Amino acid sequence: MKKSMLVLFIVVSMLSARITVAKLDGTVDNGMAYLLNRSLENRTVQDTVIFQVNTYGGLLMTAFDMADSIFRSKAYTIAFVEQKAISAGALISIACDEIVMGEGSTIGDCAPVMQGEEGPQILNEKIQSPLRAKFRLFADKNGYPRYLAAAMVSPDLKIYKITTKDSVYYTDLIQDKPKIVGASDTVIMVDKGELLTLTENEAKATGFASAIYPDFNSYKTKLNVPSSAELYERNWSERFVALIGSIAPILMMIGMAGIYIESRTPGIGVPGVIGVVCLLLAYAGQQMAGLAGYVEFLLLAVGILLLAIEVFVVPGFGVVGIAGIVVIAISSLLALQNFTIPSPELPFQEDILRINIETMGFALFGAFAITVLFFWLIFPRLKYVVDGPILSESLESEPEDCSLLEKIATVSKDLHPSGKVMVDGVEIDAQSEGFLILKGETVKIVGKRHGAVIVEKMEV
864 MKKSMLVLFI VVSMLSARIT VAKLDGTVDN GMAYLLNRSL ENRTVQDTVI FQVNTYGGLL
924 MTAFDMADSI FRSKAYTIAF VEQKAISAGA LISIACDEIV MGEGSTIGDC APVMQGEEGP
984 QILNEKIQSP LRAKFRLFAD KNGYPRYLAA AMVSPDLKIY KITTKDSVYY TDLIQDKPKI
1044 VGASDTVIMV DKGELLTLTE NEAKATGFAS AIYPDFNSYK TKLNVPSSAE LYERNWSERF
1104 VALIGSIAPI LMMIGMAGIY IESRTPGIGV PGVIGVVCLL LAYAGQQMAG LAGYVEFLLL
1164 AVGILLLAIE VFVVPGFGVV GIAGIVVIAI SSLLALQNFT IPSPELPFQE DILRINIETM
1224 GFALFGAFAI TVLFFWLIFP RLKYVVDGPI LSESLESEPE DCSLLEKIAT VSKDLHPSGK
1284 VMVDGVEIDA QSEGFLILKG ETVKIVGKRH GAVIVEKMEV
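All the letters of the sequence shown, read from the start, carry residue numbers 864 to 1323 under this note's numbering.
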């Protein structure tokens, strides 16, 4: 009875097990992370997830998160290296329970690099240390040679291959030589100044790969992967996440410029719409990638609200408007990363924060440049495009406003270009056709747009 129940349990487990295939090709980015997490969702110990890996690497922080997701998964995970698992691809592969190599494929070379003035530079020991620790952790769990795994990260390690009668060891020799008895041969496997990259045969010989196959279809046939197996490829949302991630700083730059221009020219509409759409696109992409959350969206809303208060409640660009720009910039900065304050345990987060601060600095500079160009080249010409029909239509429907044309007024609140002027003892809303007219200066009323008069500075 017990034996029949055990057989029944095994049969039910086999029927309920799922085999999933996920294609991890191209750059390791937020879109790939989204795909990987989707393929691992709700998997059990009976399930198998096979990753088709073909990448030169990508974002370090994203690769850390992907590797951790694999490490925590209950499913049995297999990395099939089709052509290359380099850099971040090696980290993702070694996190898997098993590695299978395709013919002509390679794995390794995971030194953390950053683009500098002189080209790619390998990051220092402070960054290499936690990455090596990850490699050792995954290697120990999955039965890969831990010293060779570490040699994929740091070029200053010297790893030996020691052969005994019964086994082969890979070690730095300094610590392990006294433990190895009866060594018959010792050779340098990785010398200082080298980063370990293995071919498919080397990966099999050193214990990283369990097998080598001509291609993935051959492996699926050998493994009896059913045609009904779930296949996960990048869908439109993951491609959208990857695209937005690559242009997010540009979208944020245009967004901040558009919102600021709209705050200075209330009533035009187009800059504000463009600004909001660009920011929402950037934040939506980062939110789908797991970078932007409710805090970032809330800060964005607060920043826009402060700019609105500056325009409609306390006109004249001051503390409230500056605070709004600062809050939007902080929100945009946080949307570029999945942490608020760098963790001491993850020192590379400090470099990510520094890079993101530099990125936001360029974005703010770009937004400033767009704003200057708008008020220098576009805004002074808007009267020729807009003012004519609006002015004539307004004056026909509101004849009492005809008396304001050509009148001389005094600026009572700085025009940036929106503000207020005094005419005939009455303070009214006004917009200049330049960027700035200071309080106390004399202007002439030349038109009307959306409830505000258009003024020109009087030349001396």
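Think of the CB as a built atom: it goes at the ideal place given N, C-alpha and C, for glycine as much as any other residue.
It should be emphasised that the depicted structure is a prediction, and the values quoted were computed from it without experimental measurement.
To the nearest angstrom, how far is it from the Cα of residue i to the Cα of residue j?
i: Gly920; j: Ile970; result: 11 Å
i: Phe1160; j: Ala1198; result: 9 Å
i: Ala914; j: Leu1094; result: The question names Ala, but residue 914 in the sequence shown is Phe. Using only the alpha carbons, I get a separation of about 10 Å.
i: Thr1273; j: Val1316; result: 13 Å
i: Leu1114; j: Asn1087; result: 47 Å
i: Ala880; j: Ile1191; result: 48 Å
i: Tyr1247; j: Val1309; result: Here the model assigns Tyr1247 a pLDDT of 46, short of 50, so the residue's position is not dependable, and the following value carries that caveat. Whole-angstrom Cα-Cα distance: 12 Å.
i: Glu1319; j: Lys1307; result: 5 Å
i: Thr1222; j: Ala1014; result: 32 Å
i: Leu1144; j: Gln1212; result: 25 Å
i: Leu1254; j: Leu1170; result: Model confidence at Leu1254 stands at a pLDDT of 37, short of 50, so the residue's coordinates are unreliable and nothing is read from them.
i: Ala896; j: Arg999; result: 22 Å
i: Lys886; j: Leu922; result: 17 Å
i: Pro975; j: Val1284; result: 59 Å
i: Asp1292; j: Trp1099; result: 47 Å
i: Glu1063; j: Thr1049; result: 23 Å
i: Leu1167; j: Met924; result: Leu is not the amino acid found at residue 1167; the sequence shown has Ile there. Each residue's alpha carbon lies about 30 Å from the other.
i: Tyr1146; j: Ser1195; result: 8 Å
i: Ala1232; j: Glu1096; result: 40 Å
i: Lys1083; j: Ala1164; result: 50 Å
i: Val1140; j: Lys1021; result: 53 Å
i: Gly1148; j: Gly1118; result: 14 Å
i: Ser1266; j: Ser1275; result: 20 Å
i: Leu903; j: Gly1132; result: 45 Å
i: Cys973; j: Ala953; result: 7 Å
i: Gly1224; j: Ile1204; result: 18 Å
Among the options, whose alpha-carbon lies nearest the alpha-carbon of residue i?
i: Ala1072; options: Ile941, Asp1214, Ala896 and Arg935; result: Ile941
i: Pro1280; options: Met895, Leu899 and Tyr1123; result: Tyr1123
i: Tyr1032; options: Met1116, Val1016 and Ile1051; result: Ile1051
i: Gly889; options: Tyr1023, Ser1091, Leu1106 and Leu1268; result: Leu1106
i: Ala948; options: Tyr1082, Ser1030 and Cys959; result: Cys959
i: Thr1069; options: Thr1034, Ile1110, Asn900 and Leu1267; result: Thr1034
i: Glu1173; options: Asp1277, Glu966 and Ser1100; result: Asp1277
i: Pro823; options: Lys1021, Gly1121 and Ile1167; result: This structure leaves residue 823 out entirely; the chain is present only between 864 and 1323.
i: Leu1011; options: Asn917, Gly1282, Leu1058 and Gly965; result: Leu1058
i: Lys1085; options: Asp931, Val1165 and Val963; result: Val963
i: Ala1074; options: Arg901, Glu945 and Ser902; result: Glu945
i: Ser950; options: Asn917, Ser936 and Ile933; result: Asn917
i: Ser992; options: Val1016, Lys1004, Gly1006 and Ala1002; result: Val1016
i: Ile882; options: Gly952, Lys937, Thr1060 and Ala1092; result: Ala1092
i: Ser968; options: Phe1001, Ala930, Val1053 and Phe1079; result: Phe1079
i: Thr1305; options: Gly1288, Ile1271, Gln1294 and Ser1295; result: Ile1271
i: Lys1004; options: Pro1018, Ala930, Asp910 and Lys1311; result: Ala930
i: Val1327; options: Ala1002, Ile1193 and Ile1185; result: Beyond the ends of the chain as shown, which are 864 and 1323, falls residue 1327; an answer cannot be given.
i: Tyr1076; options: Arg901, Phe943 and Gly1229; result: Phe943
DSSP beta-bridge partners for residue i?
i: Lys886; result: Gln915
i: Tyr1023; result: Thr1034 and Ile1051
i: Met964; result: Val944 and Ile1075
i: Leu1061; result: Ile970
i: Tyr939; result: Thr911
i: Met929; result: Paired residue(s): none; Met929 is not in a bridge.
i: Thr1305; result: Thr1273
i: Gly1310; result: Ile1317
i: Met1285; result: Thr1273 and Glu1290
Let me confirm a value: residue i is counted as buried when at least 16 other C-beta atoms fall within 10 Å, else exposed. Which label applies?
i: Lys908; result: Note on identity: in this sequence residue 908 is Val, with Lys being the wrong assignment. Exposed: under 16 other Cβ atoms inside 10 Å.
i: Arg834; result: With the chain running from 864 to 1323 in the structure shown, residue 834 is simply not present.
i: Pro1252; result: Here Pro1252 scores only 37 on pLDDT, less than 50, and its place in the model is too uncertain to base an answer on.
i: Leu1236; result: exposed
i: Lys1055; result: exposed
i: Val1104; result: buried
i: Ser1206; result: exposed
i: Ser1030; result: exposed
i: Glu1269; result: exposed
i: Gly838; result: Absent from the model: residue 838. The displayed extent of the chain is 864 to 1323, so no value can be given.
i: Glu1125; result: buried
i: Arg812; result: Outside the shown range of the chain (864 to 1323) lies residue 812, about which nothing can therefore be said.
i: Met1321; result: exposed
i: Gly1303; result: exposed
i: Asn1201; result: buried
i: Glu988; result: exposed
i: Tyr1023; result: buried
i: Pro825; result: The structure shown has nothing for residue 825, since the chain only spans 864 to 1323.
i: Ala1376; result: Limits of the chain in this structure are 864 at one end and 1323 at the other, which puts residue 1376 out of reach.
i: Phe1238; result: buried
i: Lys997; result: buried
i: Leu1061; result: buried
Any heavy atom of the ligand MN within a distance shorter than 6 Å of the CB on residue i?
i: Ile1204; result: This structure simply doesn't include the ligand MN, nor any ligand for that matter.
Open item on the list: At 4 residues or longer, what runs of the alpha helix (DSSP H) sit wholly inside the region 1078-1140?
Closed with: Along the region 1078-1140, the alpha helix (DSSP H) occurs as fully enclosed runs of 4 or more residues at 1079-1086 and 1099-1127, listed in sequence order.
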